[in-house]
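Below is one structure, written out as structure tokens, with a few remarks after it.
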Amino acid sequence: MRYYKKKEEIDRRKADIQPIGESLKALMQAYRLDGKLSEVQLVQNWEKIMGKPIALKTQQLYFKDGKLFVKLTSAPLKHELNMSKSKVIDILNTEAGRDVVKDVVFL
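Residue 107, in the UniProt record's numbering, is where the sequence shown stops; the numbers in between run on with no holes.
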């Protein structure tokens with residue numbers, strides 16, 4: 001895998017003006033940060049996505065290898081969320097706009 005570009009590839013870059021949003025997206029993709037940014041946004045928006053009652057019983061959230069680990073303080077809530085795990089994954093991926101969460105583990 002190469003991490004540098006040949007002169008021919010550099011010459012083929014767009015010479016026209018781009019909106020700043022497109023430039024930032026291209027930069028995030030080039031440095032492979034778009035996935036991490038989506039993960040951070042999901043963790044920050046957990047209360048908005050899942051609701052205040054679930055957020056109050058959540059102790060810790062973190063990602064590892066595409067899995068979201070959620071540490072909960074309530075055993076009944078943990079069981080209920082385990083039963084609807086696929087729905088939780090769908091909600092989180094819809095909020096992110098792409099497949100960020102491959103699995104959710106409730107601890």
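Just so it is clear, CB atoms sit at the ideal spot from N, CA and C, and this is done for glycine as well.
Span of the alpha helix (DSSP H), counted from its first residue to its last, around residue i
{"i": "Val40", "result": "Asp34 to Gln44"}
{"i": "Asp90", "result": "Lys85 to Ala96"}
{"i": "Lys52", "result": "Lys52 to Leu56"}
Continuous beta strand (DSSP E) stretch holding residue i: start and end
{"i": "Leu24", "result": "Looking at the DSSP string, Leu24 is not in any beta strand (DSSP E); the run it does join, the alpha helix (DSSP H), is Ile20 to Ala30."}
From the options, residue whose alpha carbon lies closest to that of residue i
{"i": "Leu56", "options": "Tyr62, Gly66 and Lys71", "result": "Lys71"}
{"i": "Asn93", "options": "Gly35, Asn82, Pro76 and Lys25", "result": "Gly35"}
{"i": "Pro76", "options": "Lys87, Asp103, Pro53 and Gln41", "result": "Pro53"}
{"i": "Leu81", "options": "Arg32, Tyr31, Val43 and Asp103", "result": "Asp103"}
{"i": "Ser86", "options": "Ala26, Ser74, Val101 and Gly97", "result": "Val101"}
{"i": "Asp99", "options": "Gln60, Leu37 and Ser84", "result": "Leu37"}
Short Cβ contact (8 Å threshold) for residue i with residue j
{"i": "Lys67", "j": "Phe106", "result": "no"}
{"i": "Phe69", "j": "Glu39", "result": "no"}
{"i": "Ile49", "j": "Ile89", "result": "no"}
{"i": "Ala96", "j": "Leu42", "result": "yes"}
{"i": "Thr73", "j": "Gln59", "result": "yes"}
Backbone secondary structure at residue i - three-state DSSP
{"i": "Lys71", "result": "strand"}
{"i": "Leu61", "result": "strand"}
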